[in-house]
Amino acid sequence: MSLSNGTLNVRVARIEAVTPEIKRFTLVATDGAHLPPFSGGSNVVVLIPHENGTYRNAYSLMSSPYDSSAYQIAVRRVEEGRGGSLRMHEAVNEGDVLEILRPVNLFPLSKHARLHLFIAGGVGITPVCSQLAELRLRGTPFEVHLAVRGAEHARLGEELVREYGDAVRLYRNDLDQRLDISVVVAARPLGSHLYVCGPESMIQDAIDSAHAQGWTDSHIHYERFLEQGSVGEAFSVTLARSGATIEVSPDQSLLEAAEAAGHSIPYLCRGGACGECETRVLELDGEIVHTDDWLSDEDKAANTKIMPCVSRAKCSRLVIDC
Amino acid sequence: MTIQFRPDETYRDDYTYANSPECIARAPFPFPDDEYMYSMNLEPHVSVGDGALKAIFDIDEHYISECRDRAITLEKDPGMHYVSAPHMMEAQWDLLELIMESYASDYPEYFTLEKDGTRWHWTNTLLNIDDTFTFGDPSTLPYEPMEYITRQAQGDWVLQEERDGTLYWGAGIATQRADYSLRFNLGMAWHEFHGPVPLLKETGMLDRALKFLLRLRCGHPVRRLNWSLTVNPRLDVSAESLPDWAPDRTTVTAENAGKLVYLRIELQPLHRLPRSNAIVFPIRTYLLNLEDIATNPAWAKRMHRVLKSLNQELVDYKGFTRYRDAAVEWLSQFDDGQDEEVVKAG
Amino acid sequence: MLITGIKSRPVYDQLRPLPGGIRHLVAGQGSGGRAMLRLLDEMPEQGMQTTLLYSQESFSGLDFLAELQQRQVAELRVYPSNQELVADLERILGNARMGTRLYLSGSESFIGTAMQVATHYDMNSDEVLREHAGSFVRRIWCVHCDSYTENVTQRVFQCPGCNAMLVVRDHYSRRLAAFQAVKADAEVPGELPEAEELDT
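Chains A, B and C, in that order, give the protein sequences. Read in my numbering, the first sequence has 268 at position 268, and its numbers run on one by one without any break. Read in my numbering, the second sequence has 251 at position 251, and its numbers run on one by one without any break. Read in my numbering, the third sequence has 115 at position 115, and its numbers run on one by one without any break.
Structure follows, in structure tokens:
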């Protein structure tokens, strides 16, 4: 394992298609040593080079935290995306060397829960995989409720059923097996925790159902698919400290545009969740399109802060403090 | 590096503990200025020089004796100096791995670690330990993982759990603690366990330091220094044993302060732990009496000024109200009022 | 001189209806009954989802049982001592479901020991409110003999566990639900700090 600029060099040991859309990549250290340990729910940022620069996509680690001889990530092919996942699917081969960042956990398990309930949709199951490996060691009870579209999308779920038995329940859309979240969260013992990872509608349904049963926010955890970067309309931004004005193209995030122009902004998740890249807005003539999960509603309304990793602007002038 | 160990020192009763000149010179002197006040003195824990800041976790000539003193204290009062909440087991394994890997890479002549999957083989030639165990399975070790490894480590160790945007004391081994009770502090949140520290909340530093630490990432440790004074080279100065050591405070005079009064320097290299997401606060203590300090004239001059000007509330909190004047008077012989040498001390 | 000038103490809430709850447990002791009654006034629609737990143990002698009996609630459970109330609370929480809200009102010792139970069942700050009532008599933990003393009002007092003269430090542990006390004349036997009434 070599560390340069805080990144790890890993070799792609294996690539498997687990569904028509998802490929699983097994990554090992280039020197055969152990990779850094991590906790269930962690992700790694993969640096994916392309013609005009580098995509930095975060993927959940799905392997066991207690086996650091290899990492596994699942990459879903996003046709309408910016190309990072397409490159992973089409241009990366077994034996290739990739650069990744050390694991970061923005979706950790509660250590005090008396029962863990997981709700997942499709590729949202990936962070849960590593969390279950951790829970098995800890011996805390859990249930997984996983919704998939059809038989060919069920392979990750079937692996979990083989591993954990009745604790994992699969719902197949093609068989009209509906996952009713309001039933899952009803009459659960005090000290239960709910984890949701899936599409926006599923997250909202889970939050609403849990609230209706009297759950409080401290027991509800969710991770949106971190759609890395952001797409939208072009805009320009001035970085106050250097005075540079840079153009953010439609398929770039502000963070990526700044990096491409040689400016560094601190970041961790690149998905609007962790707060690391929070930046003050010094001047604004127009409006900010906030798409992060970090800033409070008041902060968003005030337009005095922006998360450059995901949020954009519709404006004639934007000056930020970096 | 080769260390001349002093394996038969005592930290109690006859107090045969003493520093070699080399050990004095390598200590992390904690006073950057003539006046002391809390500051955000957190810096990246990167290897610096050949002294106490070289290794990830420093060991020195007192290693063997200090481990023996810890064992004595633990045996004397079971359940008092090592406590862990049940949900801290992952963090315990994290800590065991971090200490073993750090010691083995910094001191390969004394420690080795071989991993075969989860089957680990650990040797510690300084304490004649050669154990094979299963990582993750507590039943394969003679103690819980944290107690097992910290019985072989210098300094106190506290594991803090991150929850609800703050840090809680989840586990600790503390046989060298400065007048606090581990059992009492367990379960306290960041602002609670700092509650007794005077003048701290007012500075706003507590909030800023917490925010900084919550961002601490694996592989990017930070360190800070803290200090206090104590009478005699005694490690076990817990709140519980107060009646055993507090009377010593009355024995200090301006004549004997050089021998009796010890500067306790605490080096704290903080690490985020990978599986548990906990943060470990090691408190690695260096004991130097004022005579040791005076072997470096710049240090003695600096320390004279620090103690003389120190805010009375801090003096009370650190527990040397009764002998501050005696220590200042003893140190005054090294302070000619000139400034040129003092710069070197920082 | 020993450390006495330390400032720290739990910060309490004021009881008010917590949003979203589908079952409410309102537990109080002695003069804490007043806050219970005020809370019930503020949540008239939830009476049938509300269970009251009241202990008549009181340092000040105040008793609100008669008024509490007038309220329309699902159940009122009465206990002769705080300890019995907390033991029953433990049983109730063990069978409780998500959606439960807990309200505590009474002495610091009562709230602290009830919170030990609530924390055990992983109830968080968005599910529990605590309102202090009555005087700030303290529950004290002796660091030397590991014993607890209830209703301490003096800075310096004799430990019933080990007979040492102790000085109370203004430092509170939620895990032990108590303040800490250490030997008062540890430096010079017989040389005690000045007697002082605690800020009760």
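Glycine is no exception: its CB is placed at the ideal position from the N, C-alpha and C atoms. Quantities reported herein were computed from a predicted structural model and do not represent experimental measurements.
Here's the rule: buried if 16 or more other CB atoms are within 10 angstroms of the residue's CB, otherwise exposed. What is residue i?
| i | result |
| --- | --- |
| residue 321 (chain A) | exposed |
| residue 40 (chain B) | exposed |
| residue 183 (chain C) | buried |
| residue 88 (chain A) | buried |
| residue 185 (chain C) | buried |
| residue 168 (chain C) | buried |
| residue 216 (chain A) | buried |
| residue 305 (chain A) | buried |
| residue 3 (chain A) | Residue placement at residue 3 (chain A) is flagged as unreliable, the pLDDT there being 39, under the threshold of 50; a coordinate-derived value is accordingly withheld. |
| residue 296 (chain B) | buried |
| residue 90 (chain B) | buried |
| residue 162 (chain C) | exposed |
| residue 104 (chain A) | buried |
Can you tell me where the beta strand (DSSP E) holding residue i begins and where it ends?
| i | result |
| --- | --- |
| residue 30 (chain B) | Run containing residue 30 (chain B): none; DSSP gives neither H nor E here. |
| residue 226 (chain B) | 222-231 |
| residue 196 (chain A) | 192-198 |
| residue 287 (chain A) | 279-289 |
| residue 55 (chain C) | 50-55 |
| residue 294 (chain A) | That residue, residue 294 (chain A), is in no beta strand (DSSP E); it is neither H nor E in DSSP. |
| residue 114 (chain B) | 111-116 |
| residue 78 (chain C) | 75-79 |
The alpha helix (DSSP H) with residue i in it runs from where to where?
| i | result |
| --- | --- |
| residue 281 (chain B) | That residue, residue 281 (chain B), is in no alpha helix (DSSP H); its beta strand (DSSP E) goes 279-289. |
| residue 260 (chain A) | 254-260 |
| residue 315 (chain A) | Not the alpha helix (DSSP H): residue 315 (chain A) falls in the beta strand (DSSP E), residues 312-320. |
| residue 181 (chain A) | 181-184 |
| residue 128 (chain C) | Where residue 128 (chain C) is concerned, there is no enclosing alpha helix (DSSP H), although the beta strand (DSSP E) it sits in stretches over 128-132. |
| residue 129 (chain A) | 126-138 |
| residue 176 (chain A) | Per DSSP, residue 176 (chain A) belongs to no alpha helix (DSSP H) and is neither H nor E. |
| residue 323 (chain B) | Looking at the DSSP string, residue 323 (chain B) is not in any alpha helix (DSSP H), and its letter there is neither H nor E. |
Using the DSSP secondary-structure output, state which residues sit across from residue i in a beta bridge.
| i | result |
| --- | --- |
| residue 169 (chain C) | C:180 |
| residue 193 (chain B) | Answer by DSSP bridge pairing: none, since residue 193 (chain B) is not bridged. |
| residue 9 (chain A) | A:99 |
| residue 29 (chain A) | A:10 |
| residue 147 (chain A) | A:121, A:171 |
| residue 106 (chain C) | C:132 |
| residue 269 (chain B) | B:223 |
| residue 49 (chain A) | A:54 |
Closer than 8 Å, CB to CB, is residue i near chain B or not?
| i | result |
| --- | --- |
| residue 86 (chain C) | no |
| residue 102 (chain A) | yes |
| residue 78 (chain C) | no |
| residue 174 (chain C) | yes |
| residue 4 (chain A) | Confidence in residue 4 (chain A) is poor, its pLDDT being 39 and thus under 50, which makes the residue's placement unreliable; the coordinate value appears in the next sentence. No, its Cβ sits nowhere closer than 8 Å to a Cβ of chain B. |
| residue 143 (chain C) | yes |
Determine whether the Cβ of residue i lies closer than 8 Å to any Cβ atom of chain C.
| i | result |
| --- | --- |
| residue 213 (chain A) | yes |
| residue 314 (chain B) | no |
| residue 179 (chain A) | no |
| residue 205 (chain B) | no |
| residue 187 (chain A) | yes |
| residue 285 (chain A) | no |
| residue 322 (chain B) | yes |
Give a yes or no on whether the minimum CB-CB distance between residue i and chain A is below 8 Å.
| i | result |
| --- | --- |
| residue 138 (chain B) | no |
| residue 97 (chain C) | yes |
| residue 16 (chain C) | no |
| residue 51 (chain C) | no |
| residue 115 (chain B) | yes |
| residue 121 (chain C) | yes |
Verify the contact flag: residue i, CB atom, against every heavy atom of the ligand GDP, threshold strictly below 7 Å.
| i | result |
| --- | --- |
| residue 39 (chain A) | The ligand GDP is not part of this structure, which contains no ligands at all. |
Inset, instruction - Taking 8 Å as the threshold, find out whether the segment 129-143 of chain C comes into contact with the segment 105-117 of chain C through three or more Cβ pairs. - result: yes
Legend entry - Residues in the segment 105-130 of chain A having any Cβ partner in chain F nearer than 7 Å: Protein chains in the displayed structure are A, B and C, and chain F is not among them.
Inset, instruction - For the segment 103-116 of chain B and the segment 46-58 of chain B, state whether three or more C-beta atom pairs, one from each stretch, are separated by less than 8 Å. - result: A contact exists between the segment 103-116 of chain B and the segment 46-58 of chain B.
Inset, instruction - For the segment 286-299 of chain A and the segment 250-263 of chain A, state whether three or more C-beta atom pairs, one from each stretch, are separated by less than 8 Å. - result: no
Legend entry - Cβ contact check for the segment 114-133 of chain A and the segment 183-198 of chain A: 3 or more pairs under 8 Å: Yes, the segment 114-133 of chain A touches the segment 183-198 of chain A.
Inset, instruction - Say whether the segment 269-280 of chain B touches the segment 211-221 of chain B, bearing in mind that this needs 3 or more beta-carbon pairs closer than 8 Å, one atom from each stretch. - result: yes
Inset, instruction - Please confirm if the segment 116-125 of chain C is in contact with the segment 142-161 of chain C, defined as three or more CB-CB distances below 8 Å between the two stretches. - result: The segment 116-125 of chain C makes no contact with the segment 142-161 of chain C: fewer than 3 CB pairs, one atom from each, lie closer than 8 Å.
Legend entry - Three or more C-beta pairs below 8 Å linking the segment 27-41 of chain B and the segment 289-305 of chain B: yes
Inset, instruction - Decide if the segment 79-88 of chain B is in contact with the segment 157-176 of chain B; the criterion is three or more beta carbon pairs, one per stretch, under 8 Å apart. - result: yes
Inset, instruction - Check whether the segment 55-72 of chain C touches the segment 332-339 of chain B, taking contact to mean three or more Cβ pairs, one atom from each stretch, closer than 8 Å. - result: no
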